[in-house]
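Colleague: Residue 76, in this note's numbering, is where the sequence shown stops; the numbers in between run on with no holes. Using N, Cα and C, we set each Cβ at its ideal position, and we do this for glycine too. Got a structure here, written out as structure tokens. Questions coming.
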Amino acid sequence: MKAFSVFGVTQSGKTTTIENIIAELKKRGYSIGSVKYSL
């Protein structure tokens, strides 16, 4: 299992970036899981 995190300021496009990465990895046949957490 490999994991990575994305951090950044509010409204910087983190969620959009992750959604695009997930879509691409799924197209390539990867099994994907994600967790969204904010403080």
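Among residues of its own chain, excluding the 5 on either side of LYS51, which ones have a beta-carbon nearer than 7 Å to its beta-carbon?
Modeller: Exclusion of the five residues before and after LYS51 leaves VAL43 and GLY45 as the residues of its chain whose Cβ lies within less than 7 Å of its Cβ.
Colleague: Identify the continuous alpha helix (DSSP H) that holds LEU62 and give its terminal residues.
Modeller: LEU62: member of the alpha helix (DSSP H) spanning 51-64, first to last residue.
Colleague: Ignore the nearest five residues each way along the sequence and tell me which others in ARG65's own chain have a CB closer than 8 Å to its CB.
Modeller: none
Colleague: Once you ignore the five residues that flank ILE59 on each side, which residues in its own chain have a CB closer than 7 Å to its CB?
Modeller: Residues of the same chain with a CB within less than 7 Å of the CB of ILE59, apart from the 5 flanking positions on each side, are ILE69 and SER71 in chain order.
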